[in-house]
Amino acid sequence: MLFGILFALTAGALVGMQNVFNTKVNEQTGNWTTTMLVLGLGFVASFLIGLVFEGRGMFTSLGGMQTWFWFSGLIGVGVVTCMVQGVKLLGPTYAVAIVMTSELGFALLFDSLGWLGLQKVPFTLNQLVGVLIIVGGIFVFKLGGGRESEKDTSVQKREALN
Amino acid sequence: MRGLLFAFLAGAFITLQGVANTRISADIGTWPAAALTQFTGFAAALIIWLCVRDGGVKDLRRVRPLYISGGAWAAIIIFTNVTAIQQVGVTLTISAVLIAQLCMTFLIDSMGWFGVPKQKMRLPQFIGIGMMIAGIVILKF
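So the protein lines, in turn, are chains A and B.
First residue of the first sequence? That's 1 in this note's numbering, and the numbers climb one at a time after it.
First residue of the second sequence? That's 1 in this note's numbering, and the numbers climb one at a time after it.
1. How long is the line joining the alpha carbons of residue 4(B) and residue 92(A), rounded to whole angstroms?
2. For chain B, check one thing: does any of its Cβ atoms lie closer than 8 Å to the Cβ of residue 164(A)?
3. Output the boundary residues of the alpha helix (DSSP H) element that contains residue 112(A).
4. Residues of chain B with CB under 9 Å from residue 104(A), in chain order?
5. Is the distance from the Cβ of residue 97(A) to the Cβ of residue 132(A) below 8 Å?
6. Exposed or buried, what is residue 24(A) when buried is set at 16 or more other beta-carbons lying within 10 Å of its beta-carbon?
7. Rank 48(A), 29(A) and 47(A) by C-alpha distance to the C-alpha of residue 57(B) and give the top, closest one.
8. Please classify residue 109(B): does DSSP put it in a helix, a strand, or coil?
9. Select from 106(B), 114(B) and 34(B) the residue whose C-alpha is nearest the C-alpha of residue 127(B).
10. Among 122(B), 79(B) and 130(B), which one has its Cα closest to the Cα of residue 35(B)?
11. Within the region 4 to 75 of chain B, note down every full beta strand (DSSP E) run reaching 3 residues or more, in order along the chain.
12. Mark residue 32(A) as exposed unless 16 or more other C-beta atoms lie within 10 angstroms of its C-beta, in which case mark it buried.
13. Roughly how many angstroms lie between the CA atoms of residue 152(A) and residue 33(B), to the nearest whole one?
14. For the candidate residues 10(B), 44(B), 21(B) and 111(B), whose alpha-carbon lies nearest to that of residue 90(B)?
15. By the criterion of Cβ-Cβ separation under 9 Å, what are the contact partners of residue 16(A) in chain B?
16. Rounded to a whole number of angstroms, what is the C-alpha to C-alpha distance between residue 15(A) and residue 123(A)?
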């Protein structure tokens, strides 16, 4: 279990860093140019690392594909579209706090229902209380104020991704 | 109201993305899944870009190569995210991801790394992170 959490912490730290880099790109160009670049490079990196570790398996594995696998990439397009609109309408601080809350809510739902062949994690009161406290923490962090230079546009743009 | 709906959907999609990647990985392996999902996402973004043309190579020349490389990190992000979901489930994974993400933001902002305007962190940010860690402990133990 410890390894699982360490993996998740690694992912999160990299997301935080990647958001800064992507924002730097986004400051110079549009949302879709940025998205295209980010996904394109992500593909190239995953493909090369995969070739090193799995070799020909990178191609042979494609035999076991279900049709919807080909469309999973569209979810990412949905993320960008909704994120951009949400930030435009709510401002970055509120939007991100709500996005994170929604992420956690759906995570609980997926775990307890075991959708998409996930191993079911039974819903417990502890889980609900834990998630509510985390959500509280997100709102205190985001809306507690005290962070200076919130008006700065580059800060705002970056907030949008965090 | 519409803003709320968009933000809510964005969160749903982010979680769904992690779960879908995990499901696909179970059938074809994690690296092929990471490559596939980003390739199809790239193709979709390319089509949208061809319609909106909101920038081009000329803009990207103004960006430092280090920042351009940001996208490549997604390979490791997807791999670690999927592996975590396989081992500890979605809720715990997303919770830990969000905590680490906010801590990283916190660190970068307070140090002013990568040319980010330095921001002073105050009590609310410390309390927020403390609450999130408490939440994850309750969630699991």
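Positions of the beta carbon are idealized from the N, C-alpha and C atoms, including for glycine.
Being a predicted model, the structure only gives us computed values, none of them experimental.
For this structure:
1. Within the second sequence, residue 4(B) is the residue found at index 4, counting from 1. Within the first sequence, residue 92(A) is the residue found at index 92, counting from 1. Distance between the alpha carbons of residue 4(B) and residue 92(A) is about 12 Å.
2. The question about residue 164(A) has no answer here: the residues shown for chain A are numbered 1 through 162.
3. Counted from its first residue, the first sequence places residue 112(A) at position 112. Looking at the DSSP string, the run of the alpha helix (DSSP H) that includes residue 112(A) is 92 to 113.
4. Against the first sequence, residue 104(A) aligns to sequence position 104. Ordered by position in chain B, the residues that pass the 9 Å Cβ test against residue 104(A) are 11, 15, 91, 94, 95 and 98.
5. For the purposes of this step, residue 97(A) is taken as the residue at position 97 of the first sequence. For the purposes of this step, residue 132(A) is taken as the residue at position 132 of the first sequence. No, they are not a contact pair.
6. Here residue 24(A) refers to the residue found at position 24 when the first sequence is read from its first residue. Buried: at least 16 other Cβ atoms inside 10 Å.
7. Position 57 of the second sequence, counted from the first residue, corresponds to residue 57(B). Answer by Cα proximity: 29(A).
8. Within the second sequence, the letter at position 109 stands for residue 109(B). In the structure shown, residue 109(B) sits in a helix (DSSP, three-state: H, G or I).
9. For the purposes of this step, residue 127(B) is identified with residue 127 of the second sequence, where counting begins at 1. Nearest C-alpha to residue 127(B): 106(B).
10. Within the second sequence, the letter at position 35 stands for residue 35(B). Comparing Cα positions, the closest option is 79(B).
11. none
12. The residue given as residue 32(A) occupies position 32 in the first sequence. It counts as buried.
13. Your numbering for residue 152(A) matches position 152 in the first sequence. Your numbering for residue 33(B) matches position 33 in the second sequence. Interpretation of residue 152(A) is limited by its pLDDT of 48, a score under 50 that renders its predicted location unreliable; no figure is taken from the coordinates.
14. Here the question's residue 90(B) lines up with position 90 in the second sequence. The shortest C-alpha separation from residue 90(B) is found at 21(B).
15. Taking the first residue of the first sequence as position 1, residue 16(A) is located at position 16. Correct list: 100, 101, 102, 103, 104, 105, 106, 107 and 108.
16. Along the first sequence, read from residue 1 onward, the residue named residue 15(A) stands at position 15. Along the first sequence, read from residue 1 onward, the residue named residue 123(A) stands at position 123. If I take the Cα positions, the gap works out to 28 Å.
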